[in-house]
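Below: the structure, in structure tokens.
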Amino acid sequence: MKTTEINTNLIDSYFTLLKSLSPNNKLELISRLSKSMKTSRKNKDMSWKSLFGAMELDQSVEDFVEDLKNERKFTRKSIDL
Numbered sequence: 483m484k485t486t487e488i489n490t491n492l493i494d495s496y497f498t499l500l501k502s503l504s505p506n507n508k509l510e511l512i513s514r515l516s517k518s519m520k521t522s523r524k525n526k527d528m529s530w531k532s533l534f535g536a537m538e539l540d541q542s543v544e545d546f547v548e549d550l551k552n553e554r555k556f557t558r559k560s561i562d563l
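Counting from 483, one number per residue, gives the positions in the sequence shown under my numbering.
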């Protein structure tokens, strides 16, 4: 089965499910679908590189690293064999 056939079948299934809605509910659904398309376009424009970035700190990097090191806790448990 081709992708276009699957998409068409999916659309037909949704239409069958939604055709019994009232006109107001259909308009609300159209509005929400339109909004979701607008927001998904914005997300597609974002590059995956924009997901990586520098942290914003209230302290210096040296203080941050020192705090990280001080907060480390090592627990070693011996296992008797």
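A virtual CB, placed ideally from N, CA and C, is assigned to each residue, including glycine.
Mind checking which residues open and close the alpha helix (DSSP H) that includes ILE493?
Here the question's residue 493 lines up with position 11 in the sequence shown. Start and end: 485–500.
Cutoff 8 Å: ARG514 Cβ touching any chain D Cβ:
Included in the structure is just one protein chain, with no chain D present.
Do LEU500 and MET511 come within 8 Å of each other at the CB atom, strictly closer than that value?
Counted from its first residue, the sequence shown places residue 511 at position 29. Counted from its first residue, the sequence shown places residue 500 at position 18. The question names Met, but residue 511 is Leu in the sequence shown. Cβ atoms of LEU511 and LEU500: closer than 8 Å.
Check for me: the alpha helix (DSSP H) holding LEU550 runs from which residue to which?
Position 68 of the sequence shown, counting from 1, holds the residue named residue 550. Where LEU550 is concerned, the enclosing alpha helix (DSSP H) stretches over 543–553.
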